[in-house]
Each structure stands twice: as structure tokens, then as C-alpha cells.
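Undergrad:
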Amino acid sequence: MSYTITVNGKPQTVDVDGNTPLLWVLRDVLDMKGSKFGCGMGLCGACTVHINGMATRSCITPVSSVGSAAITTIEGVGTSDVGRKVQEAWMQVDVPQCGYCQAGQIMAATALLTSNPKPTDQDIDDAMSGNVCRCCTYTRIRAAIKQAAGLPTADTREA
Amino acid sequence: MRGERVAESGREQRSGGVSESGVSRRTFLVASAAAGGGLLLDFAVPGLAQAQGPGGAASLWLNAYIRITPDGIVTIVAKNPEIGQGVKTALPMIIAEELDCDWKNVRTEQAPNDPKEFGAQFAGGSLSTPFNYAPLRQVGAAARHMLMAAAAATWHVPIEQCDTLPGMVRHKPTGRTLTYGKLCPRACTIKPPDLKTVALKDPKDFRIIGQFTAGVDNPAIVTGKPLFGIDVSVPGMRYAVFEKCPVFGGKPVSANLDVIRSLPGVRHAFIVPGAQPTGLPDGMQTSLQDGVAIVAETWWQANRALDRLEVQWDEGPVATQSSAGYAATAAQLAQGNPEKVIFTEGDVKGALAGATHVLEANYFYPFVSHSPMEPMNTTAHFQDGKVEIWSPTQMPMQGQMNVAKTLGVPPPNVTVHITRSGGGFGRRLGSDFMCEAAMISKMAGEPVKLLWNRRQDMQHDYYRPAGFHYFKAGLDADGKLIAFRDHFITFSNGAKPSNSADLSATEFPARFVKHCELAMSMQPLGVPTGPLRAPQSNALAYAFQSFIDEIAIAAGKDPLQYRIDLFGEDRLFMPPKGPFGPPVPFSTARAKGVLAMVREKSGWGTRKLPPRTGMGVAFYYSHLGYFAEVVQASVAEEGMVKVDKVWVVGDCGSQIINPSGALNQVQGAALDGIAQALGQEITIDRGRVVQSNFNDYNLLRMNQAPPVEVHFRITPNPPTGLGEPALPPVVPALCNAIYAATGKRLRKLPIDTAALKSA
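These protein sequences, in sequence, are chains A and B.
First residue of the first sequence? That's 886 in the working numbering, and the numbers climb one at a time after it.
First residue of the second sequence? That's 137 in the working numbering, and the numbers climb one at a time after it.
1) Using 8 Å as the threshold, is the stretch 598-615 of chain B in touch with the stretch 459-472 of chain B, meaning 3 or more CB pairs across them?
2) Take H404/B as the anchor and find which of W435/B, A455/B, A619/B has the nearest alpha-carbon.
3) Determine which residues of the stretch 433-444 of chain B have a Cβ less than 7 Å from any Cβ of chain A, and write them out in chain order.
4) For chain E, find out if any of its Cβ atoms is closer than 8 Å to the Cβ of V948/A; answer yes or no.
5) I'd like the ranges of any alpha helix (DSSP H) spanning at least 4 consecutive residues and lying wholly in the stretch 947-1006 of chain A.
6) With 9 Å as the limit, tell me which residues of the stretch 886-903 of chain A have their beta carbon closer than that to any beta carbon of chain B; keep them in chain order.
7) Using a Cβ cut-off of 9 Å, pull out every chain B residue sitting near P906/A, in sequence order please.
8) Have a look at D902/A and R590/B and give me their C-alpha separation to the nearest angstrom.
9) Check for me: the alpha helix (DSSP H) holding A540/B runs from which residue to which?
10) For the beta strand (DSSP E) containing R726/B, name the first residue and the last one.
11) Hey, V545/B and G521/B: beta-carbon distance below 8 Å or not?
12) When you compare the CB positions of T555/B and V368/B, do they come within less than 8 Å of one another, or not?
13) Could you tell me the boundaries of the alpha helix (DSSP H) in which C1027/A lies?
14) Of all the beta strand (DSSP E) runs that stay within the bounds of the stretch 290-346 of chain B, which reach a length of 3 or more residues?
15) Give me the chain A residues within the contact set of E296/B, using Cβ-Cβ distance strictly less than 7 Å, ordered along the chain.
16) Could you name the residues that DSSP lists as bridge partners for S567/B?
17) CB-CB under 8 Å to P947/A, same chain, minus the five flanking residues each way: which ones, in chain order?
18) Looking at A873/B and M710/B, is the spacing between their C-beta atoms short of 8 Å?
19) Looking only at its chain, what residues have a beta carbon closer than 8 Å to the beta carbon of P502/B, apart from the 5 residues adjacent to it on each side?
20) Relative to the alpha-carbon of L998/A, which residue among E960/A, A1033/A, R912/A, Q977/A has its alpha-carbon at the smallest distance?
21) Cβ atoms of T1024/A and Q812/B: under 8 Å apart, would you say?
22) Nearest-angstrom Cα distance between T889/B and I687/B?
23) Between the Cα of A489/B and the Cα atoms of G386/B, V370/B, I618/B, which residue gives the shortest distance?
24) With a 10 Å radius around its C-beta and 16 neighbouring C-beta atoms as the bar for buried, classify A169/B as buried or exposed.
25) Counting only beta-carbon separations shorter than 8 Å, does A1034/A have a partner in chain B?
26) Once DSSP output is grouped into helix, strand and coil, what is the label at R707/B?
27) Taking the Cβ atom as the reference point for each residue, do V402/B and G427/B lie within a distance shorter than 8 Å?
28) Show which residues of chain B have a CB atom less than 7 Å away from the CB atom of R942/A.
29) Who are the near neighbours of R563/B in its chain, counting only those whose CB is closer than 7 Å to its CB and skipping five residues on each side?
30) Determine the DSSP secondary structure at F179/B, reduced to helix, strand or coil.
31) Beta-carbon of Q816/B versus every beta-carbon of chain A: anything under 8 Å?
32) With 16 other CB atoms within 10 Å as the buried threshold, where does V477/B fall?
33) Give me the residue from M776/B, G610/B, L892/B with the minimum Cα distance to R691/B.
34) Can you tell me whether DSSP reads C85/B as helix, strand or coil?
35) For T434/B, does the three-state DSSP call read helix, strand or coil?
36) Where does the unbroken alpha helix (DSSP H) through F620/B begin, and where does it stop?
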């Protein structure tokens, strides 16, 4: 079946089964490899994209459910001010180790900062705990979010 | 070829050099691979053959590692696979330093799988730094020398009058300069210098090594560019899944292949025979197992077809095994005499009988999976008896050999392209997924990308082996440890311990207690096991350093000072053999040094802590690194554990190559250990793994990750690696902190919070 979805501002028509998850439409039909497959059950956040600005797990989002909503992926997130700042902070803080989960982390962080420009540590925990980093770069993810927000990057949860 | 043995730990000058012909003469280090499994690796001082363009014209390659274009852009090849440990940045930094170029003009690229040119190329054992630090300095220095020689020839001056500024050669008397970009074509025609005599920088003049340097792939990572194995596309590629028997070693007898072939998008469905006649896994997975392959137009279609797949399995003998059964057998074996004594000194029995105070404790740790975020995958294209492979692998050479064996083709017919890996942790030392992809491509007659789903990845891992330790210790009237015994109940594969399930004769406190015995008994295992980040150490540290803590408390001593006292005076202990090449001594001074420093940095013994909050310490030496760690943890009345903070002090020699990468590795390793302790367990039931995804196998999450404060104790020793050694001590340090908070000793992992409820 044919679906027209809007990805990073561009309409894309794809011919797939309606229950195909958005993740696999992005990766294997539209050849946008930035969104990652981790668990297939919405448990790890590696596939996170924005749908109308909301952080959404694309691995459990059927393409038929997207309609005309605006989809933003890691390939397009840098066009917003917040997204660009988050990407820059990620590079300056040198967050990645393997880097595999970081697209999802950046998407979750951008959604957080877009709705909450000055998050507390608790806000960061709440918004980011659905995104797993197996390399455990959490210390730097926290610092990079604060840096992108223009907040002091020191960890204020010190023992 | 035979070669000389040289130390792995960066004895500064290697004996290799460049022959008269200008072609590199290789020296070899014969090494057991980090992976275990008795694999032999050639070790070369690599990459000094001069690259020649077509027709013998000089190219812009100074050697196999370095290419400089006229605009001054320096491309440096990163020899080892990047799995998140940072070597794609750190190894080129070493070359760039000695080449003396400007890091902002450096581009890096992943080396091809070519051990003839680059020496052993693998990601394991935290060995990239100790194996490559000295040789890669020489590679960079040799190229710098060639550039200076080219400038001297251009100016008709003696080379002694030349030096370098970043990216250019300077004629000292006149101040004239020529850029590397301009000099490169001529430099490529210069005979490489003798590595034995090539001048290296004084480390105090380093401009790149020791500087906070961001990962070279960061710009691609933050913008979602294809980088990883899973991102590979080749023309005409189809997508494959591969279903193996849920019971280890089982085989498909028949399957509803006709139904599967009729499903949307499915192109092929077939049974793949395993490469081993018994179908039984032999420890670490390197070979092709029996299973059912489905190849479809898209991966989603292939994966969805699995829902309809019905297979009749021959489950085989492992179907009778379970975690409960292993525990029962271990308890039984512990009653008897050990099968094998690994280390003995003095009279343990007599000393225990005469001790003032005797302690006895049993420790257990479970199977643990690797679960890297990027599931196992490989893209393979088989045609005309040759196969091309794109794989996120930690050991490309071994993969090439195993694929060749599996397909029955000569190794040169297998080309392996190394991609970035979405985490490794030891899982990608195996090459089962490469063999599967290659065979499926051959049988389907098409290029395929094989991708495991998460269930398959978790249930067909090779696991950190579980283990059982039955300890006894004897103290004299002063609380001094005089007798120590461990009866380790582990698993066997044939007559030998299963992969990564061994215990060495140098396990602390062996050699530091007058009467000591380390012994083991084994029970057979049908579950594959293998190296997980800091193999053996990640488990042994927990058991031994927790029991040492019990001993210190029983002695009425401060647990940190007790450890320092156990090490005694400054001494070097030479192990009987090194795991990789000649042995490297264990230094009690370095061990005590990190313990003393973590005492100071953490405020050990001086902090006022609230009720049910405690601090614990542990020390462990692995992968040539000395690590002492303190954890502060709080335990709620209901038993929930909160890790407040971790302090890490590490001694990995004289030089941190990339402080950013080093800090990231250490923080990540400490948190990785906390994740293991808090919630990771693979259980076996009827020969199969119970857990299937991140809902029943717990990875650490943001809200559980405490601050990790890291300090490096710089000592005049060769630089060593950091991917692993920070992990082992954090597990017992956490358990010891929980003991300090609650008085409850955690003799079983993962931590059972129900047992920590306040009475």
C-alpha cells in the first residue's frame, strides 16, 4: 500500500505494508540510516524520532499511523536551533563511545530542551531514562544537555 | 614465519626495522589473542613499506599509515576496529604526534583487514595501547624524518639543520619553511630510516598526545551518517534473518518452509547445516551453527516471517541443563575434594585448624550477556567462489579464516571490510554472525544483510560464565590473614575449563598469604561462554574482593588499609607466564599507590554519612592496569539501592594518550560494572536462555547512573589500555558499600534488594 509521509519537511511516498514500523521505512526504504534498531519493542530508544515534535519510538510506530504528521529524524534535527545546539554540545563534550545509541539520545534531548529549555537533573532523568546507552556515557549526556541549555555542566547531584 | 618475542607493554624500542631494500622487515609477537581460544596472532612492526603508485611513481603515501595531499591534509589510517573504545582517534593521535602535524588537518580512515601491512588488527584485551604505542610513534617519526630529508635535499642543506613545526619543515639557520603537503611527493621517494635509531619526541614536547581530543567520527554520529555494520548497503542486497534452536546445540529437523516462502517479500527460506558435525557449541562461538534462514526484500518482512515459522527441532543433550541444576551440582561438588589444585603454598589445613578466627563464605555470580546496542549483523556477497564481507567485528582476521573454513574456500577469497561497531564488549570477537551471512549469501545466490533481532542476540550470545566460590580464611590473634582457601566450582568444556571460566595461580591473595590454596572443580556445560569486558576479572574481582572485605571487617581493621597491609612492602611479582608474550611484573607499590590515592580523593573514613549510607572499596589489577575504586551507596528502607558516587583511581602508566577518551572509558566501565551488579542475570532453563529483551535483562539507565570521579596516577611505566581494567573493582566496591550501609553481605549477584529491607 502507498503512504505519503513527511520526513524532515519533505513529502515521501512509500509502498509498504501498513504495519511496517516507521523505523524500517526510514532505514531500508528511504535509505536514512541514522535512526537505529536496538530492541524492536520500544525499550531502548535507539530508534527515537520526533513526530510533531514529540520524541517517539519509531520501531513500534506503524507507518499507517503517522498520517501527515511532521517526522523529524537525526538527519534533519540540525535544522532547528535547539537541535543544532544539542549536536554541537554532543561534539564538544565528546559524548559518544560506540555512538550507536546517540542519534536516539540526541532526539530525546532535543525534544526535552524544546519543551523545557532549562531542565533540572530530575527533568533530565525523567526525559532520558527511556534511552539506553550500553557504553554508559550518561555522565556526558547529562553534561551535554546542560551545555546545550546554557547551564553549568557540573554534576549537581554530588554525594 | 618465526619471529622474536617482544614485550607487549611497550618496551620502547622494538627490534624491527627497515631492510636495505626499503621493504619492512617484520618482527613478530606471537600472542594468544585476548579472546582466548588458543589463537595465534602475528605481531608486526607494521606499515613501513613504501607505497608506490602505478609504474613506480611515488604516491602521496609516506607509508601504509600516512598520506599527505598538497593542501596539507594528512590522512592517517587507524589500524584496529573501533567498537567505542576510541582507537580510531587515539591510535592516529600517536602517529600525528611524532609526525608533528596539526591535528585539525588530520583525517582518519579505518584500515583494511591487512595484517601483513598493519600487524595484528583486533579490538580486545585492552591491548591497542600497549601493543601499538611504541610502534606507532616510530611510524610517525619515520615519516617525519623522510619529510625532513626531502626538505634538506630541496634546500641542499644537511638534514641536521632542519626541524619541524606543526605541518612544515624548517631550515633552522635561515628560517625557511616548506609544508608537508609540498614535500610529500619527494619524501615518498626517500628511503625510510632505521626504526631503531629514528628520533622520538621527548614526551614533554607532546602537542597532541595528552590533549582532550574529540572522537573523529563524532560529526558523522551526531548527524546520522551511515557508519555501522547495520548501515551497510550494497547493490542488489536482500535482507536475512537466521533462526537457531532455542536450546544450545540443537538442530532443525524440518520447518514449514513452503508457508514461509509464500509470505510477502520472502525470496528464500532454507535450512542451513552447521559447520560442526556435533552441532555442539565449543565454548566461544566462532563457527556456523545449524538453523533456518529467511531472505526477503526488506528486513522487516524477513523478521515478520519468523512469527509464522514452525520448526521441529532436535534439541539435543543440552535440553536437560538449567541454572538450578548447575547450582545443585556445584553445592555437591563443593562437598568433595577439588578436582585440581591451581596454586598451593604452606599448609592451609594446618593453618586453618590453628587460626584464632576462621571465616567461611560462599559466593555466586551468574551468567551475563554482552548485549551491545547494535545487534549482530554482517553483509555478505558471495559470487564465483569468492565472498566479500562487511562486518562490525572485533577480530576481522579470525573472521576471514572462519568464513573461509565454513565455505571451503581459500582465505584469500574472503575479503573482510571492517565497519564501526555499535559496541563490542567481547561479543564481536566471535565470528558466528559472519559465517552465517556468508553461507546464507552463498545458498541464496544473492548479496544479503543478515541482522539478528534482539531476542536472537540475547539468546545466542556466548556468556560471561557463572561461577561458585567456596572460601575459607584463617586469621591470627592480631587479625592478620594467615590462611586462605578457594574451592572454585566452574564449568568445563571437555577436560578444560569453559572459555573465560578459568582461575589463574596469580589470583590475589595468592602469594600474599603464608598458607594459601586455590583449587577448582568443574561441571560440564552446554551453554557457550566467552570473554566479556575484563573476562574472568569482572567476576573474580567481585568474589575475592568481597571476601577480602569480610576478612578485614572480621579482623576489626579498616578495609582499605587492610588491603594496603596485605600487599606489604614494595616488591615486584613476576607471573610465571604472561598472557601475551613475556610476563610483566605486578608491582605492589603501584597497587598501594592507587589505594592510597583513592582514600584521599574519596574522603574515605572522614565523611559523615547518613543512616543506611555506606562507602566500600576494592582494588583489582587486570589488563596491566591498577585500579582502586570507592563507591558510596544508600539503601532505602524497602531495600532499593541508590549508588551516590564512584571514585576511581587508575594507574595505567606514564601517558594518557587521549584524556577525553580515557575518562569516557573509565566512567563507562565503572557504570557497566554497576549495571551488572544491580540487575544483570542470564538464566538457563531446559537448555535455553530465559531472557529475551531489555524488559527482562536490565541495562543501566540515566536515572541510575551516579557521578564517577576519575583520577589517573601517572607512574613511569609503559602506557597500557583502558577499555577494561576500570570495570572489575566497582562491583565489589558497591557490594562492600552496601555492607557498610546495612550490615548485609552480598554473596550472590545480581543484588537482591528484597534481602536489603530494614528489619
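The C-beta atom is built at its ideal place from N, Cα and C for all residues, glycine as well.
Owing to the predicted nature of the structure, the values given are computational and were not obtained by experimental measurement.
TA: On the basis of the coordinates in this document:
1) yes
2) W435/B
3) Residues passing the 7 Å Cβ filter: T434, W435, W436.
4) No chain E is present in this structure, whose protein chains are A and B.
5) 966-978, 987-1000
6) V901, D902
7) By Cβ distance, chain B contributes W436.
8) 22 Å
9) 532-543
10) Premise fails: R726/B lies in the alpha helix (DSSP H), 724-738, not in any beta strand (DSSP E).
11) Yes.
12) yes
13) Before going on, a small fix: residue 1027/A reads as Arg here, not Cys. 1023-1033 is the span of the alpha helix (DSSP H), which, as asked, contains R1027/A.
14) 298-301, 304-307, 312-315
15) None at all; the shortest Cβ gap to chain A is about 40 Å.
16) The partner list for S567/B (beta bridge, DSSP) is empty, contrary to what the question assumes.
17) Excluding five sequence positions before and after P947/A, the CB atoms of its chain that fall closer than 8 Å to its own CB belong to G903, N904, T905, P906, L907, given in chain order.
18) no
19) S459, A602, Q816, E817, I818, T819, L885, P886
20) A1033/A
21) no
22) 24 Å
23) I618/B
24) Only weak support exists for where A169/B lies, its pLDDT of 30 falling under 50; the value from the coordinates is given anyway. Burial call: buried.
25) no
26) In this structure, DSSP gives R707/B a state outside helix and strand, which the three-state scheme calls coil.
27) no
28) Residues of chain B passing the Cβ test: none, with the nearest at roughly 12 Å.
29) H506, P508, D597
30) Residue confidence for F179/B is low, a pLDDT of 36 falling below 50, so the modelled location carries little weight and cannot support an answer.
31) no
32) exposed
33) The question names Arg, but residue 691/B is Ala in the sequence shown. Nearest C-alpha to A691/B: G610/B.
34) With chain B covering only 137 through 895, there is no way to say anything about residue 85/B.
35) coil
36) Unbroken run through F620/B is the beta strand (DSSP E), 617-629; no alpha helix (DSSP H).
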